Structure formats: structure tokens, C-alpha cells
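First up is the structure itself, then whatever we jot down about it.
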Amino acid sequence: MRLAQLLFSQGFGTRRECAALVAAGEVSVGGRVVDDPDTEVEPAGLEFGVQGERWTYRERAVVVLHKPAGFECSLQPRHHPSVMSLLPPALRRRGVQPVGRLDVDTTGLLLLTDDGALLHRLTSPKRHVAKVYEVTTKHAATPALAQRLVDGVQLVDEPRPVRAAACEATGPHTLRLVLTEGKYHQVKRMVAAAGNRVEALHRRAFGAVVLGDDLAPGRWRFATAHEEALLDAPR
Ligand code: URA
């Protein structure tokens with residue numbers, strides 16, 4: 013693949029902008045500046061630098077973001093900045109989109125990808141991808157409350173009771189709750205329907221991807237090859 017074409021595929025601008033970046037000496041491959049945009053490179057595993065920042069070629073991008081409170085998952089945010097503003101321009105330009113949504117005040121793990129098929133699979137209700145939430149409640153988080161959420165609660169506008177796949181009280185006011193669906197405000201509505209109230213909500217895991225303590229709020233990383241393989245695996 014031509015170097016300028018590779019940069020284009022990774023979101024570094026239009027074809028013309030990418031060719032100009034190379035010609036201006038802003039791009040390195042294997043630590044050496046390459047200033048001919050037509051240089052042929054082998055994309056698989058290619059490590060390159062753009063304006064001093066290091067990148068690895070990726071056919072698709074799967075991004076793990078630690079969403080802070082105060083950011084909207086919408087691409088056209090209305091009242092708060094978009095989570096997209098937390099990502100570098102190259103990722104935004106290559107069309108990375110949030111996999112589902114978290115409320116503006118919810119924190120934690122948000123996946124984003126430019127792989128439309130993966131996005132569809134991960135958000136499909138048929139796939140039952142498990143999402144793990146840490147919930148802080150206003151009133152006591154009792155084992156009885158956890159059991160009620162597992163047994164199912166009736167939400168307005170839902171034909172049948174909605175159940176948590178698992179739920180346990182983890183402290184006087186905290187629950188760990190696992191959902192395999194993604195209905196609008198589902199955790200908050202379920203907890204309210206069970207007579208309590210969500211004071212804070214944090215997503216710890218999405219499928220096989222777990223948010224570690226190494227990723228501070230507002231920071232992102234690429235999913236590892238292992239995480240990608242688990243996200244791709246058919247259930
Ligand atoms: N359920 C909610 O109520 N809010 C979220 O952000 C995610 C799940």
C-alpha cells in the first residue's frame with residue numbers, strides 16, 4: 013500500500029492532506045522519516061509516526077474509553093461535550109462510533125469502533141452481551157433488592173418484566189448488576205421500579221472487556237488483540 017494511502021485509511025486527513033504530510037517530512041516509518049508519499053509499505057503491523065506521535069496500522073479501530081461524567085455519547089451533543097472530543101482527530105475521522113450509549117452522568121467503560129458489523133453485533137439484542145454495572149443507591153442496597161432485580165421488575169412501556177442477569181449487594185449502598193440487554197436508562201429505571209434510586213452508575217465491563225484501574229477517567233486505549241478476538245467470537 014502507498015504510504016499516503018495508508019495514512020488516509022487511518023484517518024490522518026484527505027488523500028491530498030496525507031500526501032502533503034508525508035512530503036513535508038512529518039511521517040516516519042521504523043523511526044526514519046519517509047518523505048515520498050508513493051513509498052510502498054506493508055500495512056500489517058506497520059509502526060509509523062505522524063508529527064512525533066507513534067501509531068500502529070489497524071485495519072479497524074476498537075477503542076476502550078473510560079468515560080467521565082459530563083460527556084454525551086451522541087455524535088451531535090446538545091448540552092455537554094461529546095465523548096468523541098476525548099479521542100484524537102485521526103480516530104474521529106476514521107468514523108469511530110460509540111457501541112451503545114451511557115447517560116451523561118454515567119462513568120466507566122465505553123467501547124467505540126469503526127467496524128459497523130462489530131458495532132451491530134455488540135448492540136444486537138439477540139447477542140445478549142453482558143454489561144457489568146456498579147450502582148450506588150440512595151436507599152439501602154439489600155440482598156432483597158438484588159433478588160428483586162434478578163426476579164424482574166415491570167417497567168413502563170415494556171410488555172414483560174425486565175430482569176438482571178445477575179445482581180449482588182456489594183456494600184450498604186452499592187450493587188453489582190449484570191445486564192444482557194440495553195434498554196433506555198435501564199439500570200436507573202429498574203432500580204427505581206424496585207423502590208430505590210440510582211445515585212451513581214459506573215460500567216465496569218462490556219463483554220470480555222474489563223475497565224482496569226490503569227485507565228484514568230477521560231483516557232482511552234486500543235482493545236488488545238485478545239479482547240478483540242473475544243468480542244468477535246460468536247456466542
Ligand atoms: N442504564 C442506565 O440507566 N444508564 C446508563 O448509562 C447505562 C445503563
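The letter at position 140 of the sequence shown is residue 152 when you use our numbering, and the numbering goes up by one with no holes.
Ideal Cβ positions, reconstructed from N, Cα and C, are used throughout, including at glycine.
Fair warning: this is a prediction, and the values are worked out from it, not measured in the lab.
**OP:** Closer than 5 Å is what we want: which residues have a beta carbon that near any heavy atom of ligand 1? List them in chain order.
**Re:** L114, D115, T118, H197, Q198, V199, K200
Original post:
Taking DSSP as the reference, what is the three-state secondary structure of L15?
Top reply: helix
**OP:** Would you mind listing the alpha helix (DSSP H) stretches within the region 121-169 that are 4+ residues and don't spill past its ends, in chain order?
**Re:** 128-135, 155-163
Subject >> Where the beta strand (DSSP E) through C85 begins and ends >> reply: No beta strand (DSSP E) contains C85, which DSSP labels as neither H nor E.
**OP:** Pick out whichever of A32, G57, A56 has its Cα sitting closest to the Cα of V46.
**Re:** A32
Original post:
Between V95, H78, K79, P80, which lies nearest to S86 when the distance is taken from Cα to Cα?
Top reply: V95
Subject >> Contact the region 167-177 vs the region 107-123: 3+ CB pairs below 8 Å >> reply: no
Original post:
Among residues of its own chain, excluding the 5 on either side of L131, which ones have a beta-carbon nearer than 8 Å to its beta-carbon?
Top reply: Q109, V111, T125
Original post:
Does the distance from the C-beta atom of R216 to that of L227 stay below 8 Å?
Top reply: no
Subject >> Per DSSP, cross-strand counterpart(s) of P173 >> reply: BP columns for P173 are empty, so no partner.
**OP:** Going by CA-CA distance only, name the one from G64, L103, H92, Q63 that's closest to V76.
**Re:** L103
**OP:** Pick out whichever of H185, V199, N208, E71 has its Cα sitting closest to the Cα of G23.
**Re:** E71
**OP:** Note down the Cα distance separating R231 from D163, rounded to an integer number of angstroms.
**Re:** 36 Å
**OP:** Using the Cα positions of G207 and A181, report the straight-line distance between them to the nearest angstrom.
**Re:** 15 Å
**OP:** From the DSSP output, read off the bridge partner residues of A76.
**Re:** First, the residue type needs correcting, since residue 76 is Val and not Ala in the sequence shown. V76 pairs with L123, R233.
**OP:** Let me know if Y196 comes out buried or exposed under the rule of 16 or more other beta-carbons within 10 Å of its beta-carbon.
**Re:** exposed
Original post:
Which same chain residues, not among the five before or five after L98, have their C-beta less than 6 Å away from its C-beta?
Top reply: G230
Original post:
Do the region 183-192 and the region 142-154 meet, that is, are 3 or more Cβ pairs less than 8 Å apart?
Top reply: yes
Original post:
In three-state terms, what does DSSP make of P101?
Top reply: helix
Original post:
Should R160 be labelled buried (16 or more other beta-carbon atoms within 10 Å of its own) or exposed?
Top reply: buried
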